[in-house]
Structures are given as structure tokens and as C-alpha cells.
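There are 4 protein chains.
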Amino acid sequence: MARPRSEDKRNAILAAATEVVAAHGPSAPTARISRAAGVAEGTLFTYFDDKDALLNELYLALKRDVRDTLMAGYPASASLVDRARHVWNRYVDWGASQPAKHRAMAQLAVSDRVTAQCRELGSAMLAEVEALVHGVAWRGEMADQPPAFAAAILMALAETTMGFVQREPDEAERYRRAGFDAFWRAVSKE
Amino acid sequence: MARPRSEDKRNAILAAATEVVAAHGPSAPTARISRAAGVAEGTLFTYFDDKDALLNELYLALKRDVRDTLMAGYPASASLVDRARHVWNRYVDWGASQPAKHRAMAQLAVSDRVTAQCRELGSAMLAEVEALVHGVAWRGEMADQPPAFAAAILMALAETTMGFVQREPDEAERYRRAGFDAFWRAVSKE
Amino acid sequence: MARPRSEDKRNAILAAATEVVAAHGPSAPTARISRAAGVAEGTLFTYFDDKDALLNELYLALKRDVRDTLMAGYPASASLVDRARHVWNRYVDWGASQPAKHRAMAQLAVSDRVTAQCRELGSAMLAEVEALVHGVAWRGEMADQPPAFAAAILMALAETTMGFVQREPDEAERYRRAGFDAFWRAVSKE
Amino acid sequence: MARPRSEDKRNAILAAATEVVAAHGPSAPTARISRAAGVAEGTLFTYFDDKDALLNELYLALKRDVRDTLMAGYPASASLVDRARHVWNRYVDWGASQPAKHRAMAQLAVSDRVTAQCRELGSAMLAEVEALVHGVAWRGEMADQPPAFAAAILMALAETTMGFVQREPDEAERYRRAGFDAFWRAVSKE
DNA sequence: AATGAATGAGAATTCATTCAT
DNA sequence: AATGAATGAATTCTCATTCAT
């Protein structure tokens with residue numbers, strides 16, 4: 006049998022794409038991505054049908070990464086506030102410690118090269134987060150709004166927080182806590 | 006390059022660029038923009054030195070538009086909460102009623118073609134918003150955080166709200182109010 | 006107004022394509038064609054949507070050229086044999102004196118890049134030849150065959166003849182006559 | 006390069022190449038040929054040095070196939086007309102019943118990837134046909150022309166006939182006969 | 001020997017920008 | 001000033017060929 010397709014190489018391409026898309030947007034040349042991945046220009050296309058496929062798969066890979074990060078060590082039986090804090094902290098840390106991933110996701114989120122179907126898959130992946138927030142909002146101030154609204158607020162505030170943590174890493178703990186408290190006041194009762 | 010004559014034409018190009026960048030990102034061809042503006046391909050370059058200049062000026066124009074919208078009819082002597090609500094409502098309405106502007110700004114915000122200097126100019130333009138929020142936060146829950154943090158939270162929550170208002174225009178009023186209340190709980194004392 | 010599109014340039018591209026396709030087939034690079042035409046690579050695409058459009062238009066242009074050549078000076082009221090000889094001589098001379106056109110047509114005739122629709126247009130253009138041959142065959146040996154069969158025989162014999170005339174130009178007259186006589190014996194009565 | 010083992014595999018590649026070249030011309034990717042042959046991309050190159058070698062060998066294989074077909078059951082001692090008719094019928098049937106082979110040969114005949122030397126080898130293979138036609142022409146109308154001219158006319162008319170037989174298989178017998186009669190009138194005396 | 005992943009030199013386009021009209 | 005044709009560098013993707021498995 007011939008050389009098998011290498012999962013490592015595929016991951017290298019995705020990692021390189023993360024960096025390049027973060028820095029230059031989805032319109033960055035594929036040649037730059039393959040160079041950053043240390044493979045030949047053509048090799049990129051044995052792992053991804055075309056550039057759009059790469060961008061869409063990158064989007065999903067990043068979403069999956071977030072999901073796995075948020076859910077790792079999820080304290081399913083802890084109190085609501087502790088579970089929410091777990092998700093919050095994980096998400097802020099994820100973004101703050103990996104600015105390229107965060108930025109790449111921001112770029113792909115507004116790119117028309119990511120298909121609607123792919124976006125749906127991505128959101129579905131965060132359904133668990135939404136369920137959690139739903140629990141928070143259920144008897145809280147957001148009782149009259151759809152759960153997606155509270156979830157969107159969580160993500161938006163966390164992303165805002167990420168930016169500050171990134172720029173002032175020494176104050177990470179303070180921002181993370183202040184951000185969470187703001188979120189908690191915003192959506193929970195009392 | 007000759008001196009441009011018509012302010013109308015310049016505005017038509019900026020308006021066209023707003024639509025095109027909103028739909029396809031900053032990498033959309035200038036030819037598409039000029040076509041949408043109803044001018045010849047070359048004409049675009051008598052009004053803007055090059056594509057980067059156009060994008061940067063578009064970014065500033067959008068920021069200016071936001072600033073003017075927020076500040077029009079600003080009730081300088083009203084209570085803090087009323088002034089904050091004014092800004093909030095204006096901003097949400099601006100984005101919800103002009104999705105292309107909102108989306109174009111989102112695209113430019115993550116584009117590396119908008120220079121750091123241009124971004125600074127843009128933020129400076131929203132200094133007044135920041136000052137207002139500072140007033141809110143001053144004795145509020147955010148007293149220990151930099152005012153920019155509270156201001157960023159305002160913008161982030163307002164932008165989240167815009168999205169919901171856009172998708173469910175019939176519920177505009179409800180979302181606008183729910184969003185503002187969430188913001189107010191998040192940052193003000195009591 | 007801007008520089009108008011130049012018919013000369015378009016023709017230069019078609020002429021260059023004739024030479025290049027004749028020599029290297031339809032898979033020859035467009036860059037080679039534009040170079041041969043003395044225009045920039047991109048210019049080719051302001052005159053032709055894409056390579057397929059160029060090849061199809063070239064096919065039609067060659068067919069039109071043949072038609073015009075055959076029909077120029079057509080002795081409509083001469084005897085059948087004289088009219089047939091006119092067409093024969095013109096066609097053989099066309100191919101023998103312009104081997105590139107002949108060869109390019111041969112290449113395009115077997116290329117799957119020339120569409121069925123385009124082929125039909127091309128054949129329609131030679132309807133007059135077919136009508137003539139029909140007259141020849143009408144009471145001749147081919148009375149029981151469709152007129153297209155006799156017409157195809159004319160073209161096939163003429164193309165065979167072209168090849169010999171090309172390789173032995175000194176014997177042009179002899180081959181031309183011998184070919185026509187063969188054709189005439191093949192299809193006419195007596 | 007290792008010595009190829011299986012004659013079957015080599016033939017499978019040539020057969021696949023026949024189909025693919027017939028349908029898409031000599032510029033069709035080797036990957037398509039190997040896929041059609043049911044072998045790996047690399048395997049093609051253990052049987053043929055490179056793509057040009059494959060195309061040239063395919064050309065010769067097709068010529069050989071024609072020669073063998075024409076000569077199988079050749080009635081060496083029959084009358085001239087019967088021998089000619091034998092060759093004619095075999096050739097027309099060969100092409101009409103195997104359009105891919107016919108079409109592939111037509112493609113290779115105008116391709117610049119088939120070398121002059123290879124073409125000569127191919128013609129030499131049909132020397133016997135030429136000798137036969139020479140006999141026909143010897144005392145016929147073509148007495149003053151080189152025998153190659155009469156032979157070329159045979160092939161051209163037969164190929165024209167093939168096309169009609171292919172499109173109207175029910176009329177095969179009629180076209181085959183009409184074509185031969187036309188040929189015979191064209192070149193024989195009386 | 002057979003496989004098919006890897007390679008990088010092209011290939012067809014696209015596109016920002018210039019410039020003749 | 002306005003126009004849009006002309007330019008050629010840059011871009012995405014293909015493909016013959018090599019080579020690790």
C-alpha cells in the first residue's frame with residue numbers, strides 16, 4: 006500500500022490556516038497556508054477539495070475545539086452558577102490564550118465563504134452551552150426571552166472579555182471575574 | 006490624479022462599498038463596487054487613491070455615521086439612565102435598520118487592511134459614548150474596571166441585540182428593552 | 006469615452022489561436038496565444054469570456070471563412086459540373102494555401118470543447134455546399150443516399166487532396182484535377 | 006522503473022486510454038486513464054515511460070489492430086474487386102463497431118504528441134493496403150497518381166462511411182455498399 | 001510490483017491599477 | 001473628469017511524475 010494520508014499533515018494544514026486566516030482573513034492565499042504548514046502547494050488539495058472546503062472545515066474544527074474545551078471537566082452536578090462559571094472561564098481562557106483561533110473564528114463568522122449549513126452544524130455543536138444558559142435564564146431576568154438570546158449574551162460578553170484579557174494578561178483574573186459577574190447580573194434573578 | 010468633482014459620486018461609491026463589503030467582505034473586487042455605484046472602474050480611483058484608502062475611509066465614514074446617529078438629539082441634561090437608553094436605542098436601531106452598514110463594519114473590524122491609525126481615529130470618535138458609560142459605571146458595579154470595559158460591554162450587547170431585532174423585526178421593541186435592561190443590570194448599581 | 010474595443014485586436018487573437026491550435030491542439034496554453042497575438046495575457050479575456058468561448062468562436066470563424074471562400078464568385082448559373090468544380094477548387098486552395106487554418110479546423114473538429122450547438126451552427130453554414138452537391142447527386146449514382154453523404158464525400162476527398170497539394174505544391178494543379186475527377190466519377194452519373 | 010509483469014494490465018491501460026482519449030482527447034489526465042483501467046496512478050508509469058510513450062504506443066496499437074483486422078481472412082487469390090471489397094468492409098466495420106478506437110485514432114492523428122517516427126511506423130503497417138490499392142489503380146483512373154493518393158482516398162471514404170454507419174446502424178449495409186461503389190468508380194477503370 | 005500521497009511547475013483566470021480616448 | 005480597455009502579477013487548482021510504504 007502507498008503512504009497513508011497523514012492525520013498529522015491534515016492538522017498541520019488546519020493549524021497553519023488558523024494562523025493565516027487570523028492574520029489576513031479568509032482571502033489569504035492558499036500558498037501561504039501550505040507554506041506555513043510546511044507542505045507543498047498541491048498537498049493542501051489532497052486533504053481539502055478546494056479552498057472553500059478548507060475554510061468550512063476549519064470553521065467546524067474551531068467550533069469543535071471550543072465545545073470540547075468548554076465541556077472538558079464540566080461539573081454536571083454542581084450548582085447553576087458554578088456550571089456557568091466553568092463554561093465562562095473555559096471560554097475566556099480559550100480565546101485569551103489562543104488569540105489566533107479566536108481571531109480566525111471571528112473572521113470566518115463574517116465570511117460568506119462559510120456556508121449556511123456549516124454554520125448550523127457549528128451552532129448545533131454549542132447546543133449544550135445554550136441548554137446550560139437556558140437553565141440560568143429560566144427563572145431569571147431573561148425568562149421572557151428565547152434562550153438563544155441569553156446564550157448570545159454569554160458569548161458576546163465572553164468575547165469582549167477575551168479581548169481585554171489578551172491585552173492585559175496580568176489582569177486576566179480580574180477581567181474574567183468582572184465579566185462573569187456582569188453576565189450573571191444581566192441574566193440571573195438576584 | 007485629477008481633483009474629484011462630485012461629492013455625490015464619492016458618496017455613491019462609499020454607499021456601494023458598504024453593500025458590497027457587507028455581502029462579500031473587503032476582498033470583493035473594486036469593479037463590483039464601481040458597478041454598484043454606477044461609475045466606471047477607473048472613476049473609483051479618482052476619488053480614492055487605492056483600494057486600501059477606500060476601505061479605511063469607509064470604516065471612518067461608518068464610525069462617523071454611528072457617532073452622528075447616537076449623538077443626534079442627545080438629551081445632555083436628562084438622567085443617566087435616560088441618556089444611556091438614548092444611546093442604546095439609537096445604536097440598536099441604527100444597526101437593525103441598516104444591516105449592510107452593520108455588517109460592513111463587522112467585516113472591516115476584523116480586516117487587516119484597516120490600519121491601526123484608522124482604528125484609533127474610529128475609537129476616538131466614540132469617546133463621547135465612552136464618557137457617558139463612564140458616568141454610568143462610575144459608582145456602579147464596574148467602578149473597579151476601566152471605563153473602556155463597560156463601554157465595550159455596551160457595544161457588544163447592543164450588537165447582539167441588533168442581530169435579534171434584525172431577524173425578528175416584530176419583536177424589536179421587546180429585544181431592545183430586554184437588551185438595555187440586561188446592560189443596565191450588568192453595569193449599574195441597583 | 007474610453008478606448009473602444011478593437012476589432013483588430015480580436016482578429017489578432019483569433020489569428021494567433023489559429024496558428025497555435027494548429028500546431029499544438031486545443032490544449033495549448035492561452036498564454037501562448039496571447040503572446041502570439043502580441044497582447045497581454047489578461048487581454049484575451051476581455052475579448053473572449055474564457056478559453057472555451059475562444060475555441061468555439063474560432064471554430065465558427067473558420068467555418069465562416071470557408072463558406073465565404075467557397076461562395077465568393079460562385080457561378081450560380083454555370084453548369085453543374087462547373088459549379089461543383091468551383092467549390093472544389095476553392096476549398097482545396099483554401100486548405101492548401103492556409104495549412105494552419107485547415108489543421109486548426111481538424112483539431113477543433115475532434116475536440117470535445119467545441120459544443121454540439123456550435124457544430125450545428127457550423128454545419129448550417131455549409132448548407133449551400135450541401136445543396137449544390139444535392140443537385141449533383143440528384144440524378145447521379147448517389148440518388149438513393151441522403152445528400153449529406155455525397156457532401157461528406159466531397160469534403161473528405163477535398164481534404165485528402167489538400168494534404169497532397171500541401172506536401173507537393175508543384176503538383177497542385179494535377180492533384181486538384183485528379184481529386185475532382187475522382188469525386189465526379191464517384192457521385193455523378195457518367 | 007521495474008519490469009512490468011502483467012500483459013493484461015498493460016492492455017487494460019491501453020484499452021482505458023482508448024476510451025479516454027476518444028472522449029477527451031490526448032490532453033486527458035493520466036489519472037483518468039489509470040482510474041478507467043482499474044490501476045493506481047503510479048502503475049501506469051511502470052508500463053509506459055511517460056505519457057507521450059503511452060500515446061505513441063496507443064497509436065501504434067490501434068494501427069496494428071486495423072492492420073490485423075483488414076488482413077484477417079484476406080482472400081489473396083480472389084479478384085481485385087473482391088479483395089478491395091474485403092478490405093473496405095473490414096475497415097468500415099472496424100470503425101463502426103468500435104467508435105472509441107476510431108475516435109481515438111482521429112484524435113491522435115492530429116496530435117503533435119505522436120512523433121513523426123511513430124507516424125511512419127504506422128503508415129508502414131498499412132503498406133499492404135497500399136499495395137492492394139496500387140493494384141487497383143494500376144490500370145485504373147489513378148494510373149498517373151502515386152499509389153498513396155488512391156490509398157488515402159480509400160481510407161478517407163471509408164472513414165466518412167464509418168460515420169454514417171455509426172449514426173444509422175440499420176442502414177449499415179446500404180452505406181457500406183454505396184461507399185465502396187463510390188470508391189470503386191472513383192479509382193478503377195470502367 | 002503496486003499503491004496513492006507528495007511535489008511543484010504550469011494553466012486559466014481574476015483584479016487593482018494605469019492610461020489612451 | 002469620466003470611461004473602460006489594457007496590463008501582468010497573483011491566485012486557485014491541476015497534473016505528470018516520483019517515491020515512501
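Chains as they are written, first to last, in my numbering: chain A, 6 to 195; chain B, 6 to 195; chain C, 6 to 195; chain D, 6 to 195. Just so it is clear, CB atoms sit at the ideal spot from N, CA and C, and this is done for glycine as well.
- The Cβ atoms of LYS14 of chain D and TYR64 of chain D do not sit closer than 8 Å to each other.
- The continuous stretches of alpha helix (DSSP H) do not include LYS194 of chain B, and DSSP gives it neither H nor E.
- Between GLN122 of chain C and ALA66 of chain C, the alpha-carbon positions lie close to 15 Å from each other.
- The beta carbon of LEU162 of chain C falls within 8 Å of a beta carbon belonging to chain D, placing the residue at that interface.
- The residue from A:SER39, A:TYR180, A:SER11 with its alpha-carbon nearest to that of ASP98 of chain A is A:TYR180.
- Think of a sphere of 9 Å around the beta carbon of ARG190 of chain B: the chain A residues whose beta carbon falls inside it are GLU146, ALA187, ARG190, ALA191, VAL192, in chain order.
- Selection D:ASP73, D:MET76, D:THR35, D:ALA77 evaluated against ASP57 of chain D yields D:THR35 as nearest (Cα-Cα).
- The distance from the Cβ of ALA109 of chain A to that of VAL26 of chain A is about 4 Å, consistent with a contact at the 8 Å cut-off.
- Taking the Cα of VAL192 of chain A as reference, the smallest distance to any Cα among A:GLY168, A:ARG172, A:GLN150 is reached at A:GLN150.
- The criterion of a C-beta distance shorter than 8 Å is not satisfied by ARG88 of chain A and LEU159 of chain A.
- Minimum Cα-Cα distance from ALA22 of chain D among the listed residues D:ALA105, D:GLU176, D:GLN171, D:ARG172 corresponds to D:ALA105.
- If you check each beta-carbon in the region 107 to 126 of chain C against every beta-carbon of chain D, the ones closer than 9 Å belong to ARG108, ALA111, GLN112, ALA114, VAL115, SER116, ASP117, ARG118.
- Inter-residue distance for ALA142 of chain C and PRO152 of chain C is about 7 Å (C-alpha atoms, whole angstroms).
- Looking only at D:GLU135, D:ALA41, D:ASN94, D:ASP55, the smallest Cα-Cα distance to GLU178 of chain D is reached by D:ASN94.
- With a contact defined as Cβ atoms closer than 8 Å, ARG118 of chain D and LYS194 of chain D miss out at about 42 Å.
- Around the CB of PRO9 of chain C, fewer than 16 other CB atoms lie within 10 Å, so the residue is classed as exposed.
- Under the three-state reduction of DSSP, GLN150 of chain A is assigned to coil, being neither helix nor strand.
- At a beta-carbon threshold of 7 Å, the residues of chain C lying near THR165 of chain D are ALA157, ILE158, ALA161, ordered along the chain.
- Relative to the Cα of GLU62 of chain C, the nearest Cα in the group C:GLU164, C:GLY47, C:THR120, C:ALA155 belongs to C:THR120.
- Taking 8 Å as the cut-off, the beta carbon of GLU146 of chain A is found closer than this to the beta carbon of ALA187 of chain B.
- Not one beta carbon of chain C lies nearer than 8 Å to the beta carbon of GLY100 of chain D.
- Restricting attention to alpha helix (DSSP H) runs no shorter than 4 residues, the region 99 to 176 of chain A encloses them at 104 to 114, 121 to 130, 132 to 143, 152 to 172, ordered along the chain.
- Within 9 Å of the CB of ALA183 of chain C, the CB atoms of chain D belong to GLU146, MET147, ASP149, GLN150, PHE154, in sequence order along the chain.
- Taking a cut-off of 8 Å on C-beta distances, the region 72 to 79 of chain A touches the region 123 to 134 of chain A, as three or more cross pairs fall below it.
- Residues of the same chain with a CB within less than 7 Å of the CB of PRO80 of chain D, apart from the 5 flanking positions on each side, are ASP87, ARG88, HIS91 in chain order.
- Non-local C-beta neighbours of GLY30 of chain B in its own chain, meaning closer than 7 Å and more than five positions away in sequence, comprise GLN112, ordered along the chain.
- For ALA42 of chain D, the uninterrupted alpha helix (DSSP H) segment begins and ends at 35 to 42.
- Counting only runs of 4+ residues, the alpha helix (DSSP H) found wholly inside the region 52 to 96 of chain B occupies 56 to 76, in chain order.
- Looking at D:GLY184, D:GLU46, D:GLY168, the one whose alpha-carbon comes closest to that of VAL115 of chain C is D:GLY168.
- Just so you know, the alpha carbons of LEU49 of chain A and ILE18 of chain A end up roughly 7 Å apart.
- Restricting attention to C:GLN103, C:SER84, C:ALA33, C:ASN16, the CA atom closest to the CA of ARG172 of chain C is found in C:GLN103.
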